[in-house]
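Okay, so here's the structure we're looking at.
Protein chains: 2
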Amino acid sequence: MDGNKRIGVRDVARHAGVSVATVSRVVADSGYPVAKATRERVLSSVQQLGFVPNLIARTFATSRTKTIGVAVPVLNAYYARMLMGIEGEATRNGLSILLSIVGDDHDRRESAIDQFLARRLDGIVVCSGAGDSALDRGPARIGIPTVIVGQQPDAGFATVTVDNRQASYMATAHLLERGHRELIFLTSRSDWFDFRDRLAGFAACLAERGAGYRGQVIEGAFSERDAYDRIRQAVAAGTRATAVLAATDRQALGALAALADLGIPIPGKMAVVGFDNLPTSEFIRPALTSVDMPADDMGATAIAMIVKAKGPDAIALADMTLEPRLIVRSSS
Amino acid sequence: MDGNKRIGVRDVARHAGVSVATVSRVVADSGYPVAKATRERVLSSVQQLGFVPNLIARTFATSRTKTIGVAVPVLNAYYARMLMGIEGEATRNGLSILLSIVGDDHDRRESAIDQFLARRLDGIVVCSGAGDSALDRGPARIGIPTVIVGQQPDAGFATVTVDNRQASYMATAHLLERGHRELIFLTSRSDWFDFRDRLAGFAACLAERGAGYRGQVIEGAFSERDAYDRIRQAVAAGTRATAVLAATDRQALGALAALADLGIPIPGKMAVVGFDNLPTSEFIRPALTSVDMPADDMGATAIAMIVKAKGPDAIALADMTLEPRLIVRSSS
DNA sequence: CTGAAAGCGCTTACAG
DNA sequence: CTGAAAGCGCTTACAG
Numbered sequence: 001m002d003g004n005k006r007i008g009v010r011d012v013a014r015h016a017g018v019s020v021a022t023v024s025r026v027v028a029d030s031g032y033p034v035a036k037a038t039r040e041r042v043l044s045s046v047q048q049l050g051f052v053p054n055l056i057a058r059t060f061a062t063s064r065t066k067t068i069g070v071a072v073p074v075l076n077a078y079y080a081r082m083l084m085g086i087e088g089e090a091t092r093n094g095l096s097i098l099l100s101i102v103g104d105d106h107d108r109r110e111s112a113i114d115q116f117l118a119r120r121l122d123g124i125v126v127c128s129g130a131g132d133s134a135l136d137r138g139p140a141r142i143g144i145p146t147v148i149v150g151q152q153p154d155a156g157f158a159t160v161t162v163d164n165r166q167a168s169y170m171a172t173a174h175l176l177e178r179g180h181r182e183l184i185f186l187t188s189r190s191d192w193f194d195f196r197d198r199l200a201g202f203a204a205c206l207a208e209r210g211a212g213y214r215g216q217v218i219e220g221a222f223s224e225r226d227a228y229d230r231i232r233q234a235v236a237a238g239t240r241a242t243a244v245l246a247a248t249d250r251q252a253l254g255a256l257a258a259l260a261d262l263g264i265p266i267p268g269k270m271a272v273v274g275f276d277n278l279p280t281s282e283f284i285r286p287a288l289t290s291v292d293m294p295a296d297d298m299g300a301t302a303i304a305m306i307v308k309a310k311g312p313d314a315i316a317l318a319d320m321t322l323e324p325r326l327i328v329r330s331s332s
Numbered sequence: 333m334d335g336n337k338r339i340g341v342r343d344v345a346r347h348a349g350v351s352v353a354t355v356s357r358v359v360a361d362s363g364y365p366v367a368k369a370t371r372e373r374v375l376s377s378v379q380q381l382g383f384v385p386n387l388i389a390r391t392f393a394t395s396r397t398k399t400i401g402v403a404v405p406v407l408n409a410y411y412a413r414m415l416m417g418i419e420g421e422a423t424r425n426g427l428s429i430l431l432s433i434v435g436d437d438h439d440r441r442e443s444a445i446d447q448f449l450a451r452r453l454d455g456i457v458v459c460s461g462a463g464d465s466a467l468d469r470g471p472a473r474i475g476i477p478t479v480i481v482g483q484q485p486d487a488g489f490a491t492v493t494v495d496n497r498q499a500s501y502m503a504t505a506h507l508l509e510r511g512h513r514e515l516i517f518l519t520s521r522s523d524w525f526d527f528r529d530r531l532a533g534f535a536a537c538l539a540e541r542g543a544g545y546r547g548q549v550i551e552g553a554f555s556e557r558d559a560y561d562r563i564r565q566a567v568a569a570g571t572r573a574t575a576v577l578a579a580t581d582r583q584a585l586g587a588l589a590a591l592a593d594l595g596i597p598i599p600g601k602m603a604v605v606g607f608d609n610l611p612t613s614e615f616i617r618p619a620l621t622s623v624d625m626p627a628d629d630m631g632a633t634a635i636a637m638i639v640k641a642k643g644p645d646a647i648a649l650a651d652m653t654l655e656p657r658l659i660v661r662s663s664s
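Sequence order for the protein chains is C and Y. Quick note: the first sequence uses the numbering used here, first residue 1, plus one each step. Quick note: the second sequence uses the numbering used here, first residue 333, plus one each step.
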């Protein structure tokens with residue numbers, strides 16, 4: 001439709017009767033001093049010509065992309081919340097987000113990082129799947145400020161984590177205070193460190209109380225369906241537990257459904273507590289007691305760390321641990 | 333740590349004893365013919381030197397960013413699903429995603445588009461909030477293939493929508509078949525066209541059946557909490573309705589909670605149906621009947637349209653409408 | 001405060 | 001099949 005060449009700094013310079021250097025200085029809003037009258041002339045020309053600076057050229061010239069690469073395993077409620085925290089803090093700092101969804105696949109994650117590297121992004125946030133191993137490359141080989149969110153401190157990388165052990169301890173203590181003496185810990189993939197830590201907090205809390213307390217660990221898969229089946233089985237097997245601590249709200253939801261279908265009163269005969277505090281958890285019935293994980297804060301923190309970083313490894317040793325919060329509702 | 337200059341095409345060229353042109357041709361994997369031996373020599377040098385092509389420079393030279401800008405209002409379950417569809421199809425086509433979360437704010441959406449324009453992205457996907465008005469600029473002024481997802485055909489832009497009217501008609505017909513004669517349509521923001529269309533489908537279905545059927549429209553806010561309150565009020569006011577069609581699963585969830593708290597049997601005394609088929613809807617009890625919206629397919633379709641587009645407005649007239657699907661569960 | 005000019009690292013007609 | 005060279009549109013020391 002509109003075949004004429006795009007307007008460039010040169011056109012603006014000619015139109016305003018100044019040099020391209022001056023145009024660049026006012027348009028890029030560099031702190032560089034430009035006479036007020038000159039500046040206004042340039043701005044007016046920009047307006048009249050409809051000049052939109054080519055950010056690719058600027059990026060090329062400055063080698064600052066103003067972009068952060070973000071790799072997430074999947075966009076479930078947890079990572080979506082994290083991503084909102086990331087995006088908000090990035091936008092506040094004039095940074096854009098290049099998003100890659102990499103699944104559980106180690107290779108896809110590495111190739112996403114390759115892409116970030118080739119694009120010379122200003123920073124990288126890796127939202128770790130709980131089972132992800134360390135990154136293939138150390139910080140020196142990456143050469144870009146990189147923060148890993150949701151994984152234990154990784155050699156040389158900055159990390160942001162939540163205290164899973166503490167979270168689980170808290171949830172377990174809550175159930176014990178409610179009078180429960182025999183608990184089920186319903187988890188999945190105990191090789192994932194998030195879940196391992198939650199198990200550790202559970203076990204530690206029980207161990208501390210001594211002999212009268214018993215914990216049973218049921219390890220299944222991640223899905224509601226699997227949790228549903230496991231709890232039905234446990235009940236059929238005549239479990240004496242009166243409470244279920246599920247490693248995620250999704251599993252808790254499956255547990256609640258199983259108990260409901262079996263006609264077992266909640267929390268009367270069986271209490272249920274989960275992790276993540278999904279948006280729906282407040283409105284299901286019974287409302288689900290859950291440990292809220294501040295995923296958005298974790299994401300925002302990661303960006304803040306990158307923004308503060310001067311060199312590639314200025315933040316190498318920084319590690320942040322945020323605190324979870326138990327939200328007590330009627331399921332416990 | 334590693335202060336040496338980065339490796340560039342020049343270094344590779346020298347190392348392999350060829351020209352930079354040749355290096356570029358093999359590294360960029362252009363179809364351009366290069367002798368096999370030469371190619372291998374170059375590849376070997378690339379390996380040895382650890383050359384990572386600078387994509388910024390390439391982008392600058394080719395003015396193809398291999399990046400699609402995506403603007404979403406918020407990352408709830410619906411848009412997260414859409415984004416996964418978008419990201420998957422983009423990755424399959426070698427494209428990256430620049431993500432902007434713009435809220436309900438018209439200005440923030442426009443400035444996200446400004447950013448996409450300045451970055452000279454290869455395409456733009458605007459995931460419309462249901463209430464968003466048309467874009468400020470026509471396709472000619474944008475000059476980049478742009479697809480609007482989830483909004484009615486917009487002057488000159490390609491759109492991908494789902495047939496909300498049909499979806500709602502279907503859900504209403506389902507309730508009528510179940511024997512309900514007096515229904516509540518619980519919605520919010522009837523100025524949003526998604527909800528307007530759902531209302532229209534509801535009304536049309538009832539009107540078609542004739543005199544014995546009655547519909548009551550309750551317009552509230554979007555939240556579970558508001559839906560909860562509205563349904564309590566309706567019951568307190570002695571509504572004769574025996575079914576609630578909620579404009580979203582979130583509102584349906586609020587309705588279910590209200591009915592549960594009032595001790596009203598579902599679906600015995602009151603049936604509930606929602607829209608969106610949230611991941612949790614299958615596992616709450618009673619499981620929620622819901623209209624599944626293929627958000628991921630919509631997102632993937634938008635990317636496919638951009639990929640197929642030759643010029644900026646080659647897809648200007650394309651509009652796709654996808655079909656929703658009713659998932660019947662125990663709440664109805 | 002202003003400008004002329006080099007340079008960012010690739011790609012790509014063009015010539016051979 | 002290969003190479004020399006121009007060019008993509010900005011920014012930024014440097015000189016004035």
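Ideal placement from N, C-alpha and C gives every residue a C-beta, glycine not left out.
* **Cβ pair M320 (chain C), V70 (chain C) closer than 8 Å** => Here the question's residue 320 (chain C) lines up with position 320 in the first sequence. Here the question's residue 70 (chain C) lines up with position 70 in the first sequence. Contact: no.
* Asked: Closest Cβ-Cβ distance between G361 (chain C) and chain Y: below 8 Å?
  -> The requested residue 361 (chain C) is not part of the displayed model; chain C covers only 1 to 332.
* To do: Classify M82 (chain C) as helix, strand or coil using the three-state DSSP reduction.
  => The residue you call residue 82 (chain C) lines up with position 82 of the first sequence. Helix, per DSSP.
* Examine chain Y for any beta-carbon lying closer than 8 Å to the beta-carbon of E224 (chain C), and answer yes or no. => As a position in the first sequence, residue 224 (chain C) is number 224, starting the count at 1. Answer yes: the Cβ-Cβ gap between E224 (chain C) and chain Y drops below 8 Å somewhere.
* Asked: What residues from the stretch 69 to 99 of chain C come within 7 Å of chain Y, judged by C-beta to C-beta, listed N to C?
  -> If you check each beta-carbon in the stretch 69 to 99 of chain C against every beta-carbon of chain Y, the ones closer than 7 Å belong to L75, A77, A80, L83, M84, E87, S96, I97, L98, L99.
* Do you know how far the Cα of L591 (chain Y) is from the Cα of Y213 (chain C)? -> Locating residue 213 (chain C) in the first sequence gives position 213, where the first residue counts as 1. Locating residue 591 (chain Y) in the second sequence gives position 259, where the first residue counts as 1. Taken atom to atom, the span from the alpha-carbon of Y213 (chain C) to that of L591 (chain Y) is near 37 Å.
* To do: Check the C-beta distance from T397 (chain Y) over to R451 (chain Y) and give it rounded, since I have them as a contact under 8 Å.
  => The count along the second sequence starts at 1 and reaches residue 397 (chain Y) at position 65. The count along the second sequence starts at 1 and reaches residue 451 (chain Y) at position 119. The pair is a contact, with the Cβ atoms about 7 Å apart (cut-off 8 Å).
* Do you know how far the Cα of I476 (chain Y) is from the Cα of D2 (chain C)? -> As a first step, residue 2 (chain C) is located in the first sequence; it is residue number 2 there, counting from the start. As a first step, residue 476 (chain Y) is located in the second sequence; it is residue number 144 there, counting from the start. The predicted model places D2 (chain C) with a pLDDT of 41, which falls under 50 and marks its position as unreliable, so this point remains unresolved.
* **Alpha-carbon spacing of V350 (chain Y) relative to A650 (chain Y), whole angstroms** => Along the second sequence, one-based indexing puts residue 350 (chain Y) at 18. Along the second sequence, one-based indexing puts residue 650 (chain Y) at 318. Pairing V350 (chain Y) with A650 (chain Y), the inter-Cα distance amounts to about 47 Å.
* To do: Report yes if the C-beta distance between S331 (chain C) and A247 (chain C) is below 8 Å; otherwise report no.
  => Reading the first sequence from its first residue, position 331 is the one you call residue 331 (chain C). Reading the first sequence from its first residue, position 247 is the one you call residue 247 (chain C). Contact flag unset, no.
* Counting only runs of 4+ residues fully inside the stretch 429 to 476 of chain Y, write out the alpha helix (DSSP H) ranges in chain order. => Taking only runs of at least 4 residues, the alpha helix (DSSP H) segments lying wholly in the stretch 429 to 476 of chain Y are 438 to 450, 471 to 474.
* Asked: Could one say the Cβ of V272 (chain C) lies closer than 8 Å to chain Y's Cβ atoms, at least one of them?
  -> Working through the first sequence from its first residue, we reach residue 272 (chain C) at position 272. Taking a beta-carbon distance threshold of 8 Å, V272 (chain C) does not count as an interface residue toward chain Y.
* Out of C:L75, C:P279, C:A227, state which residue places its alpha-carbon closest to the alpha-carbon of D349 (chain C). => Residue 349 (chain C) lies beyond the stretch modelled for chain C, which goes from 1 to 332, so this question has no answer here.
* With a cut-off of 8 Å, does the C-beta of F60 (chain C) fall near any C-beta of chain Y? -> As a position in the first sequence, residue 60 (chain C) is number 60, starting the count at 1. Chain Y contact via Cβ: present.
* To do: In the DSSP assignment, find the alpha helix (DSSP H) that holds E182 (chain C) and state where it starts and stops.
  => Taking the first sequence and counting its residues from 1, the one referred to as residue 182 (chain C) is at position 182. From DSSP, E182 (chain C) is part of no alpha helix (DSSP H) but of the beta strand (DSSP E) over 182 to 188.
* Note down the Cα distance separating R240 (chain C) from E540 (chain Y), rounded to an integer number of angstroms. => In the first sequence, residue 240 (chain C) corresponds to position 240, counting from 1. In the second sequence, residue 540 (chain Y) corresponds to position 208, counting from 1. Taking the straight line from one Cα to the other gives about 56 Å.
* Buried or exposed: where does D361 (chain Y) fall if 16 or more other Cβ atoms within 10 Å of its Cβ makes it buried? -> Here residue 361 (chain Y) corresponds to residue number 29 of the second sequence, with the count starting at 1. Flag for D361 (chain Y) reads exposed.
* To which residues does DSSP link V341 (chain Y) through a beta bridge? -> Position 9 of the second sequence, counted from the first residue, corresponds to residue 341 (chain Y). For V341 (chain Y), which the question treats as bridged, DSSP gives no partner whatsoever.
* Report back the beta-carbon spacing between L620 (chain Y) and V494 (chain Y) to the nearest angstrom; my notes put them in contact at under 8 Å. => The count along the second sequence starts at 1 and reaches residue 620 (chain Y) at position 288. The count along the second sequence starts at 1 and reaches residue 494 (chain Y) at position 162. L620 (chain Y) to V494 (chain Y), Cβ: 19 Å. No contact.
* Please list the residues of the stretch 446 to 458 of chain Y that have a C-beta atom closer than 7 Å to any C-beta atom in chain C, keeping them in chain order. => Q447, L449, A450, R451, R452
* Contact set between the stretch 281 to 307 of chain C and chain Y, restricted to residues whose Cβ is under 7 Å from the partner -> Closer than 7 Å at the C-beta level to chain Y, one finds these residues of the stretch 281 to 307 of chain C: F283, I284, R285.
* Going by alpha carbons, who is nearest to Y169 (chain C) out of C:F157, C:L183, C:G156? -> Taking the first residue of the first sequence as 1, we reach residue 169 (chain C) at position 169. Selected option, being the one with the closest Cα: C:L183.
* Label V660 (chain Y) either buried or exposed according to how many other C-beta atoms from any shown protein chain fall within 10 Å of its C-beta, with 16 as the threshold for buried. => Counting from 1 along the second sequence, the entry for residue 660 (chain Y) is found at position 328. Flag for V660 (chain Y) reads exposed.
* Asked: Tell me the DSSP bridge mates of R546 (chain Y)?
  -> Within the second sequence, the letter at position 214 stands for residue 546 (chain Y). BP columns for R546 (chain Y) point to Y:E514.
* **For P286 (chain C), the nearest candidate out of C:D296, C:D297, C:V273 (CA to CA)** => The sequence position of residue 286 (chain C) within the first sequence is 286, counting from 1. For the residues C:D296, C:D297, C:V273, the minimum Cα distance to P286 (chain C) belongs to C:V273.
* Asked: Under the three-state reduction of DSSP, which class applies to E219 (chain C): helix, strand or coil?
  -> On the first sequence, residue 219 (chain C) is found 219 positions in, with the first residue counted as 1. Of the three classes helix, strand and coil, the one that applies to E219 (chain C) here is strand, per DSSP.
* Within this structure, are the beta carbons of F275 (chain C) and A173 (chain C) separated by less than 8 Å? -> By 1-based counting over the first sequence, the position of residue 275 (chain C) is 275. By 1-based counting over the first sequence, the position of residue 173 (chain C) is 173. Contact flag unset, no.
* In whole angstroms, what separates the C-alpha of L407 (chain Y) from that of A90 (chain C)? -> Position 75 of the second sequence holds residue 407 (chain Y). Position 90 of the first sequence holds residue 90 (chain C). Their backbone Cα atoms lie some 15 Å apart in a straight line.
* Asked: In chain C, which residues lie with their C-beta within 8 Å of the C-beta of A592 (chain Y)?
  -> In the second sequence, the residue the question calls residue 592 (chain Y) occupies position 260. Here the neighbours are R285.
* Inspect the beta-carbon positions of V12 (chain C) and V42 (chain C) and report whether they are closer than 8 Å. => The residue labelled residue 12 (chain C) in the question sits at position 12 within the first sequence. The residue labelled residue 42 (chain C) in the question sits at position 42 within the first sequence. Contact flag set, yes.
* Could you run through the stretch 40 to 64 of chain C and flag, in chain order, every residue whose CB is less than 8 Å away from some CB of chain Y? => V52, P53, N54, L55, I56, A57, T59, F60, S63
* To do: Kindly list the residues whose CB is nearer than 6 Å to the CB of I563 (chain Y), restricted to its own chain and excluding five residues on each side of it in sequence; keep chain order.
  => The residue labelled residue 563 (chain Y) in the question sits at position 231 within the second sequence. Only A587, A590 meet the Cβ criterion.
* To do: Closer than 7 Å by beta-carbon distance: list the chain Y residues that pair up with S101 (chain C), in chain order.
  => Counting from 1 along the first sequence, the entry for residue 101 (chain C) is found at position 101. Ser is not the amino acid found at residue 101 (chain C); the sequence shown has Ile there. Per Cβ cutoff of 7 Å: M416, E419.
* Would you identify the three-state DSSP class for V34 (chain C), choosing helix, strand or coil? => The sequence position of residue 34 (chain C) within the first sequence is 34, counting from 1. If DSSP states are grouped into helix, strand and coil, V34 (chain C) belongs with coil.
* To do: Return the bridge partner residues of M602 (chain Y) from the DSSP annotation.
  => The residue you call residue 602 (chain Y) lines up with position 270 of the second sequence. Beta bridge pairing from DSSP links M602 (chain Y) with no other residue.
* Asked: Hey, I418 (chain Y) and I635 (chain Y) are a contact pair by Cβ (cut 8 Å); roughly how many whole angstroms apart?
  -> Translated into positions along the second sequence, residue 418 (chain Y) becomes position 86. Translated into positions along the second sequence, residue 635 (chain Y) becomes position 303. Sure, about 6 Å apart at Cβ, within 8 Å.
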